[in-house]
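Chemist: I have a structure here, written as structure tokens, and I will follow up with some questions on it.
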Amino acid sequence: MSSASFEVEIRGGEVEGELVRFRPGEALQGSVRITPDEDLKARHIYARLQWHTEGRGDRDESIIEEQDLFQGMLKAGTPVYYRFHFRLPDQPWSYAGHYVNIVWTIEVSIDLALARDPQAIKPLVLTPD
Amino acid sequence: MQTLKPSASQKSGRGCLMLFALFWLGFSLVWTYMAWRGGGGAMALFGVPFILIGLLLIVGAMWRSIAGVKIAPPVISVSNPSPSLGETIRVNWAVRFRTRTNLQEGRVELLFRESASYTQGTDRRTDTQESVKEFYELPIGEMGAGEELQGQTEFIIPVDGMHSFEAENNRLEWFLRVRLNAMEWPDVTDEFQLNVQPKKAWGL
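So the sequence lines, in the order shown, correspond to chains A and B. FYI, this note's numbering numbers position 46 of the first sequence as 450, with every residue one higher than the one before it. FYI, this note's numbering numbers position 43 of the second sequence as 862, with every residue one higher than the one before it.
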């Protein structure tokens, strides 16, 4: 199984515990450092801003924006570094309820042919003051 | 002021129940008839409980219509059907009684509901969690035929609440719900949906 280590950083927003909180409409800047464990032919490296639901119901999800960061060869043990930038939408806000939770994440994934895509997920909070 | 229509999901739920009840009852009647023709009374007796269940299902589907014999559908109008969080909405309500009615309880409620739908085996289930944020008590007592109660109240959409959200399997919804409990008669429960905006009354 192909693998790589990811370090995803998010800048902007306000740190609240282990999460970063953004207000609707704010800009989010981030970066990812990827170190492949083996040579990988990346069809794409994607950064996605997305939300999904958790809780009792079946999962709903939506990709708000997707950025294609790179296409090409990644060499084993050689770290690569990419930046991404998103504008957060007005809704839905992050929510933790009885049966329904809405969770926002930044997902970075390496799109590989005929293999499971290595990925890293960084949660964030979208809520106004 | 804008008059709201009752929530469509309530009507469609009653319609689905009626279709199911008719199918159930029809199947039970045919089966019982065939059993009576083929095997005699003992076999036919086995089908009677299923016929009774079908009749109960039809009564359940018609419950709201039965309630409507005494109490006409409540009329609700609001100052803003798409309020922001923290906004105060004015609510005009009107209830007309078709016949003499002893109203034991009447409320207009501001309701927040979480709905989560999921597949379990071959069934599709929906679990809900409701929270009444505010309510207004209507006058109660003996109402004459043709009498109409009406009035106005105000509700504040909680500023720390969540906006309306609708996805395929998960929903967060706001309603104004009217509950009328008449003595020895089916309750009236009608819901009117609000579309709470993802912004606060003073901005985002």
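Glycine included, every Cβ here is placed at the ideal spot set by N, Cα and C.
#1: When you compare the CB of Tyr503 of chain A with every CB in chain B, is at least one pair closer than 8 Å?
#2: With distance defined between alpha-carbon atoms, name the residue in B:Ala854, B:Glu1003, B:Leu848 nearest to Ile870 of chain B.
#3: Is it true that the CB of Leu1013 of chain B sits closer than 8 Å to the CB of Phe994 of chain B?
#4: What does DSSP give as the partner residue(s) for Arg909 of chain B in the beta ladder?
#5: Please classify Leu1023 of chain B: is it buried, with 16 or more other beta-carbons within 10 angstroms of its beta-carbon, or exposed?
#6: Assuming Met837 of chain B contacts Ile877 of chain B (C-beta within less than 8 Å), just tell me the rounded distance between them.
#7: Can you look up Ile959 of chain B in the DSSP assignment and give me helix, strand or coil?
#8: If you compare alpha carbons, which of A:Gln433, A:Gly459, A:Phe426 is closest to Ala935 of chain B?
#9: Is any beta-carbon of chain B found at less than 8 Å from that of Gly416 of chain A?
#10: Output yes or no for whether 8 Å exceeds the beta carbon distance between Arg437 of chain A and Tyr485 of chain A.
#11: Go to Leu823 of chain B, then tell me how far its beta strand (DSSP E) extends in each direction, as first and last residue.
#12: I want to see whether chain A comes within less than 8 Å of Lys1019 of chain B, judged by CB atoms only; does it?
#13: From Leu823 of chain B to Glu973 of chain B, what distance separates their C-alpha atoms?
#14: Would a check of beta-carbon distances place Leu1023 of chain B closer than 8 Å to chain A?
#15: By DSSP's criteria, His448 of chain A is part of a beta bridge. Which residues make up the other side?
Modeler: According to the structure data:
#1: As a first step, residue 503 of chain A is located in the first sequence; it is residue number 99 there, counting from the start. Taking Cβ atoms only, chain B reaches closer than 8 Å to Tyr503 of chain A, which makes this a yes.
#2: For the purposes of this step, residue 870 of chain B is identified with residue 51 of the second sequence, where counting begins at 1. When only C-alpha atoms are compared, the closest one is B:Leu848.
#3: Taking the second sequence and counting its residues from 1, the one referred to as residue 994 of chain B is at position 175. Taking the second sequence and counting its residues from 1, the one referred to as residue 1013 of chain B is at position 194. Cβ atoms of Phe994 of chain B and Leu1013 of chain B: closer than 8 Å.
#4: Taking the first residue of the second sequence as position 1, residue 909 of chain B is located at position 90. DSSP, once it has assigned bridges, lists B:Glu973 as partnering Arg909 of chain B.
#5: For the purposes of this step, residue 1023 of chain B is taken as the residue at position 204 of the second sequence. Low confidence applies here, because Leu1023 of chain B scores a pLDDT of 49, under 50, leaving its location unreliable; read the following figure in that light. Flag for Leu1023 of chain B reads exposed.
#6: For the purposes of this step, residue 837 of chain B is identified with residue 18 of the second sequence, where counting begins at 1. For the purposes of this step, residue 877 of chain B is identified with residue 58 of the second sequence, where counting begins at 1. Sure, about 7 Å apart at Cβ, within 8 Å.
#7: Mapped onto the second sequence, residue 959 of chain B falls at position 140. Note: Ile959 of chain B maps to coil in three-state DSSP.
#8: Taking the first residue of the second sequence as 1, we reach residue 935 of chain B at position 116. When only C-alpha atoms are compared, the closest one is A:Gly459.
#9: Taking the first residue of the first sequence as position 1, residue 416 of chain A is located at position 12. No, Gly416 of chain A lies away from the interface with chain B (no Cβ there is under 8 Å from its Cβ).
#10: By one-based count along the first sequence, residue 437 of chain A stands at place 33. By one-based count along the first sequence, residue 485 of chain A stands at place 81. Yes, the pair counts as a contact, with Cβ atoms nearer than the cut-off.
#11: Counting from 1 along the second sequence, the entry for residue 823 of chain B is found at position 4. Careful: Leu823 of chain B lies outside any beta strand (DSSP E) and carries neither H nor E.
#12: As a position in the second sequence, residue 1019 of chain B is number 200, starting the count at 1. So, interface residue.
#13: Counting from one through the second sequence, the residue named residue 823 of chain B turns up at place 4. Counting from one through the second sequence, the residue named residue 973 of chain B turns up at place 154. If I take the Cα positions, the gap works out to 16 Å.
#14: Within the second sequence, numbered from 1, the residue matching residue 1023 of chain B stands at position 204. In this prediction, Leu1023 of chain B has a pLDDT of 49, which is less than 50 and means its spatial position is unreliable; what the coordinates show is noted afterwards. Output row for Leu1023 of chain B: interface = yes.
#15: The residue you call residue 448 of chain A lines up with position 44 of the first sequence. According to DSSP, which records beta bridges pairwise, His448 of chain A is partnered with A:Asp515.
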